[in-house]
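Participant: Take a look at this one; I'll ask things after.
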Amino acid sequence: MKKIFQQLCFMIRCKWLGNPAGVFRKNYYRMQGMRIGRNTKLPRIFVTWPHQVYLGNECKLERNISFKYDGIWKPGSAIVIQDQVFVGKDCEFNISQGIRIGKFSNVASGCKFIDHDHGIELGSRIGPQPSIAAAIELGEDVWLGCNVIVLKGVHIGNGAVVAAGAVVTKSIPPNEIWAGVPARRISERTSYGKQEDHIAHFGS
């Protein structure tokens with residue numbers, strides 16, 4: 009009986025209490041210009057400029073994701089997440105140029121995308137120096153483990169895998185496996201039976 013009661017409470021919370029809040033949230037952001045595809049789940053998030061965010065169809069976002077756009081106001085979407093992408097909780101998009109994540113990709117919790125940094129010329133304070141920025145792009149079916157950091161100008165190819173905790177400072181070709189700080193190539197994807205040696209590096 010206790011188990012049945014717990015299951016009933018879970019269904020009420022997920023299907024009847026959760027949905028109205030989600031529908032209200034999506035409509036609220038849509039009125040501010042955010043483009044949200046069908047069947048995309050939108051929990052509590054932080055957004056500076058909703059009109060700069062595009063979410064495709066059937067995306068699953070977890071809570072406390074930060075969409076921070078620091079660029080000059082312009083029409084269109086600087087942060088583009090295509091269809092059927094998963095983004096885990098506490099991820100951060102700190103963008104001044106743009107980022108595009110291809111469909112079917114998986115971004116685990118705690119990942120950060122930063123497409124700009126400061127100048128470091130000697131003789132001047134770092135803060136006021138001009139920002140150096142370049143857009144970030146992830147291809148389709150990319151998997152980033154927990155707490156990966158992707159820096160400016162990086163392009164990650166289709167099917168690539170990046171291990172948990174890596175700092176990606178340069179572009180990754182398709183279907184390669186990278187890990188470390190800074191991230192480097194450690195292997196490439198193979199058939200299922202040959203992947204056991206690599207699994208310990210990854211984080212979902």
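For our numbering, add 8 to where a residue sits in the sequence shown, where the first one is 1. For every residue, glycine included, the Cβ atom is placed at its ideal position computed from N, Cα and C.
#1: Take residue 87 as the anchor and find which of 118, 97, 128, 41 has the nearest alpha-carbon.
#2: Could you spell out the range, first to last residue, of the beta strand (DSSP E) harbouring residue 103?
#3: For residue 120, which of helix, strand or coil comes out of DSSP?
#4: Roughly how many whole angstroms lie between the Cα atoms of residue 60 and residue 11?
#5: Taking 7 Å as the threshold (C-beta atoms), are residue 181 and residue 165 in contact?
#6: Roughly how many angstroms separate the alpha carbons of residue 214 and residue 62, rounded to a whole number?
#7: Please list the segments of the beta strand (DSSP E) lying wholly inside the segment 138–196, counting only runs of 3 or more residues, in order along the chain.
#8: What do you reckon, are the CB atoms on residue 137 and residue 112 nearer than 7 Å?
#9: Based on Cα-Cα distance, which residue from 94, 127, 131 lies nearest to residue 146?
#10: Looking only at its chain, what residues have a beta carbon closer than 6 Å to the beta carbon of residue 119, apart from the 5 residues adjacent to it on each side?
#11: Measuring alpha carbon to alpha carbon, tell me which of 122, 56, 183 ends up nearest residue 199.
Facilitator: Walking through what the data contain:
#1: On the sequence shown, position 79 is the one that residue 87 refers to. It is 41.
#2: For the purposes of this step, residue 103 is identified with residue 95 of the sequence shown, where counting begins at 1. It spans 100–103 - the beta strand (DSSP E) in which residue 103 sits, taken as one unbroken run.
#3: Position 112 of the sequence shown, counting from 1, holds the residue named residue 120. It is a strand residue.
#4: Against the sequence shown, residue 60 aligns to sequence position 52. Against the sequence shown, residue 11 aligns to sequence position 3. Going by the C-alpha atoms only, they are around 44 Å apart.
#5: What you label residue 165 is simply residue 157 of the sequence shown in a count that begins at 1. What you label residue 181 is simply residue 173 of the sequence shown in a count that begins at 1. Yes.
#6: The structure shown does not extend to residue 214, since the chain is modelled only from 9 through 212, so no value can be given for it.
#7: 144–146, 184–187, 192–196
#8: Here residue 137 is taken as the residue at index 129 of the sequence shown, counted from 1. Here residue 112 is taken as the residue at index 104 of the sequence shown, counted from 1. Contact flag unset, no.
#9: Working through the sequence shown from its first residue, we reach residue 146 at position 138. That would be 94, whose Cα lies nearest to the Cα of residue 146.
#10: As a position in the sequence shown, residue 119 is number 111, starting the count at 1. Same-chain partners within the cutoff: 99, 152, 156.
#11: Here residue 199 is taken as the residue at index 191 of the sequence shown, counted from 1. The candidate whose alpha carbon is nearest that of residue 199 is 183.
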